[in-house]
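**Student:** Chains as they are written, first to last, in the working numbering: chain A, 375 to 723; chain B, 375 to 723.
From the three backbone atoms N, C-alpha and C, an ideal C-beta is built for every residue, glycine too.
For clarity, every value in this text was computed on a predicted model and none was experimentally measured.
Below is a structure I'd like to ask you about.
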DNA sequence: TGCGCAATTCAAATCGTTTTGAGAAATTGC
DNA sequence: GCAATTTCTCAAAACGATTTGAATTGCGCA
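Here it is as structure tokens:
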């Protein structure tokens with residue numbers, strides 16, 4: 375591996391000049407810069423990140439700690455994030471160091487990674503309300519970006535979708551079609567995004583003047599059979615008058631709901647409208663549902679680009695307040711939603 | 375963060391002595407060593423990996439590049455590997471840098487990661503026959519360990535299970551129960567492990583004097599519905615006399631086969647024996663099948679400990695020949711296998 | 001008392017980069 | 001033509017560890 379010194383001796387220049395030439399400092403002669411750049415190219419020079427880090431205090435590496443949650447949905451999502459994130463970080467010359475959290479205390483793995491002294495910052499995901507990781511990292515001045523934050527009243531960088539708006543859009547769409555009994559199959563409310571959606575759902579329903587019995591708001595790990603089982607219970611009539619529309623927190627859940635509808639001989643959208651929030655996971659595309667699925671859509675992979683940029687910008691010193699992005703999911707109306715069926719006009723109460 | 379110099383000035387010692395004291399060199403006075411160690415403890419000293427790397431040429435970081443393969447089975451497996459691997463690496467004070475391969479050329483992502491100059495070696499998985507990554511890394515003298523190699527005639531470190539033995543054990547068990555028509559639902563034969571299993575299956579069947587029509591050896595990405603669809607075809611009788619036993623490359627596939635048997639009203643193990651190779655994925659446990667599943671078992675997570683150790687030992691200079699581990703999977707007989715049913719004694723030919 | 005040897009410790013070089021402060025060369029102003 | 005400025009380049013110091021070779025100390029022994 376060629377070093378700055380190699381280029382320097384080759385060209386009869388000092389390492390200082392070579393360094394400045396390559397880093398685009400203005401005080402170096404244009405002809406010298408050309409010579410240096412050509413030599414660097416020719417000799418296959420790559421700056422040694424280790425040496426750079428030692429002097430700049432930056433390593434060009436960020437950490438992410440994933441928590442094992444044994445459900446398919448979170449694994450698919452994680453893969454999607456990983457793909458988008460490593461690509462987006464690579465575009466800014468940054469590497470991703472990964473660890474799996476197997477500890478009880480949520481901050482322990484962060485502490486362990488930090489002790490190595492090789493990280494510039496962290497990417498956090500799946501926030502919980504009053505996330506203890508946030509306080510811990512902020513107390514130590516460690517830069518981080520939060521993925522999935524949807525409450526803007528914080529003082530750290532984040533990227534997330536407006537989950538209340540997601541629910542307002544979904545409920546609004548269904549209410550406009552005449553639906554009054556709308557059920558909601560949520561994710562785990564322990565997680566902030568699901569808590570926000572639940573609040574958003576209730577607020578949107580209330581705004582339409584509609585009440586929802588607790589039995590028709592489900593919350594759990596969005597596993598393989600969760601959607602199917604909960605939809606079956608809700609649609610069977612056992613819990614009360616069955617909903618005419620169901621909103622799902624993910625397309626995985628929607629797949630289960632569709633299956634339940636088929637098993638109960640309910641036609642979608644004639645007897646039941648179904649919609650979901652779509653992270654655009656390539657394994658389960660809303661367009662491949664039958665009927666095609668009406669969704670609120672916010673591609674997970676694309677979200678990784680601003681996520682990576684926010685973190686690196688923050689490390690570079692940009693203020694947190696300028697690195698807070700809350701996007702609004704797109705509403706895509708397809709064929710799984712339709713007008714409220716005959717005789718379904720009555721609200722629950 | 376406390377440095378060697380901090381400890382030195384605190385104790386009135388030179389950094390050299392502090393360094394030697396902490397690294398267990400014999401020429402430092404026992405009392406001095408104690409003082410240094412206590413001071414280090416008290417001041418929360420952690421060696422700066424970056425500085426260590428610069429002078430030793432070692433970074434304590436290894437890379438892994440995962441290839442996106444959109445099937446559930448490989449994602450579950452990847453999670454399992456990730457969990458075991460980061461824990462095993464951490465035990466040897468090593469971090470894992472991860473990237474996702476989205477390029478066509480299999481060596482390009484390795485080259486890109488290497489250019490950063492921060493890695494001590496690589497963990498490769500999912501080898502293909504004559505893997506181009508091997509030649510590329512060997513030509514450059516980059517240490518690596520291969521996960522899943524099952525042919526011992528190579529000159530690099532690896533850890534894998536003996537896939538031919540897996541098939542010999544499986545076929546042997548079923549043949550001993552009187553089965554003559556044994557089908558095999560394999561993984562993708564593009565991958566070395568599946569090619570080895572196919573060869574092992576054929577050899578084991580030939581050793582029992584049994585022929586198998588090609589229609590009863592399936593190979594594909596072990597997706598969600600693959601096992602179900604292939605088993606349905608084989609067991610329907612459309613392709614010829616139906617098998618009395620099925621061997622599956624994974625428990626995911628076996629789940630599909632069980633479902634197909636149920637749909638065709640075939641009782642397991644009375645009408646059909648089913649066995650699988652079990653990577654011990656926590657999401658799909660062989661013991662939770664009904665009936666409980668007979669398997670060849672080799673826990674994926676445990677495999678990561680020798681995998682990590684092989685790589686780090688190799689980086690430390692241990693010869694590749696001493697770092698080749700081929701383990702034999704354990705055979706666990708449960709309730710999904712039984713004697714060949716009445717009238718199922720005839721071989722295919 | 002003085003010499004040699006072992007046991008400890010230390011100063012300095014090293015890794016490859018960035019950055020500071022200063023110096024040399026070229027250009028300008030009077 | 002000489003001083004003042006601008007333009008360019010360089011040597012050296014840093015970052016925090018390891019490692020080499022030398023220096024110091026204490027000890028036993030003649």
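1. Against chain B, which members of the segment 484 to 506 of chain A pass a CB distance test of less than 8 Å?
2. Express the C-alpha separation of residue 522(A) and residue 505(A) in angstroms, rounding to a whole number.
3. Within 10 angstroms of the Cβ of residue 490(B), are there 16 or more other Cβ atoms? Answer buried if so, exposed if not.
4. For residue 723(B), which three-state DSSP category applies?
5. Counting pairs of beta carbons, one from the segment 540 to 548 of chain B and one from the segment 694 to 706 of chain B, are three or more of them closer than 8 Å?
6. Since residue 682(B) meets chain A, which of its residues come closer than 9 Å, beta carbon to beta carbon?
7. Compare the C-beta of residue 470(B) with all C-beta atoms of chain A and state if any pair is closer than 7 Å.
8. Determine the direct distance from the alpha carbon of residue 650(B) to that of residue 622(B), and round the result to whole angstroms.
9. What would DSSP say about residue 533(A), mapped onto helix, strand or coil?
10. Any beta-carbon of chain B closer than 7 Å to the one on residue 377(A)?
11. Please name the residues in the segment 407 to 426 of chain B whose beta-carbon is closer than 7 Å to at least one beta-carbon of chain A, in chain order.
12. At which residues does the beta strand (DSSP E) containing residue 671(A) begin and terminate?
13. Have a look at residue 385(B) and residue 422(A) and give me their C-alpha separation to the nearest angstrom.
14. Kindly provide the ranges of any alpha helix (DSSP H) runs that are 4 or more residues long and lie completely inside the segment 399 to 451 of chain A, ordered along the chain.
15. Note down the Cα distance separating residue 609(B) from residue 557(B), rounded to an integer number of angstroms.
16. In the DSSP assignment, what residue or residues form a beta bridge with residue 396(B)?
17. Using a C-beta cutoff of 7 Å, does residue 430(B) count as contacting chain A?
18. Excluding the 5 residues preceding and the 5 following residue 594(B) in the sequence, name in chain order all residues of the same chain whose CB lies nearer than 7 Å to its CB.
19. Starting from residue 473(B), find everything on chain A with Cβ-Cβ shorter than 8 Å and list it in chain order.
20. Label residue 716(B) either buried or exposed according to how many other C-beta atoms from any shown protein chain fall within 10 Å of its C-beta, with 16 as the threshold for buried.
21. Interface residues of chain A around residue 624(B) at Cβ under 8 Å?
22. Work out the CA separation of residue 402(A) and residue 391(A) for me, nearest whole Å.
23. Got a sec: which bits of the segment 514 to 529 of chain A sit with their beta carbon under 9 Å from any beta carbon on chain B, in order along the chain?
24. So the candidates are 711(B), 673(B) and 614(B); which of them puts its Cα closest to the Cα of residue 550(B)?
25. Take residue 511(A) and list the residues in its own chain whose beta-carbon comes closer than 6 Å to its own, dropping the five residues that flank it on each side.
26. Pull up the distance between the alpha-carbon of residue 661(B) and that of residue 625(B), whole angstroms please.
27. Could you name the residues of the same chain whose beta carbon sits closer than 6 Å to that of residue 568(B), not counting the 5 residues immediately before and after it, in chain order?
28. Since residue 457(B) meets chain A, which of its residues come closer than 8 Å, beta carbon to beta carbon?
29. Taking the alpha-carbon of residue 566(A) as reference, which of 456(A), 424(A) and 535(A) has the nearest alpha-carbon?
30. Are the segment 479 to 497 of chain B and the segment 432 to 442 of chain B touching, with three or more C-beta to C-beta distances below 8 Å?
31. Are the segment 666 to 677 of chain B and the segment 446 to 462 of chain B touching by the rule of at least three beta carbon pairs closer than 8 Å?
32. Check whether the Cβ of residue 449(B) lies closer than 7 Å to any Cβ atom in chain A.
33. Give the residues of chain B in contact with residue 433(A), contact being defined as C-beta atoms less than 7 Å apart.
34. Considering only C-alpha positions, which residue in the set 666(B), 442(B), 538(B) and 653(B) is nearest to residue 576(B)?
35. Name the chain B residues that come within less than 9 Å of residue 567(A), Cβ to Cβ?
**Tutor:** A quick look at the data gives this:
1. 486, 487, 489, 490, 491 and 492
2. 12 Å
3. buried
4. coil
5. yes
6. In chain order: nothing, as chain A lies at least about 13 Å away.
7. yes
8. 4 Å
9. strand
10. no
11. 420, 422, 423, 424 and 425
12. 668 to 671
13. 34 Å
14. 404 to 417 and 423 to 430
15. 10 Å
16. According to DSSP, which records beta bridges pairwise, residue 396(B) is partnered with nothing at all.
17. no
18. 562 and 600
19. 460, 464, 469 and 470
20. exposed
21. Simply none; closest approach about 15 Å.
22. 7 Å
23. none
24. 711(B)
25. 518
26. 11 Å
27. 560, 561 and 562
28. 442, 474 and 476
29. 535(A)
30. yes
31. yes
32. yes
33. 424
34. 538(B)
35. Chain B residues near residue 567(A): none, gap ~21 Å exceeds 9 Å.
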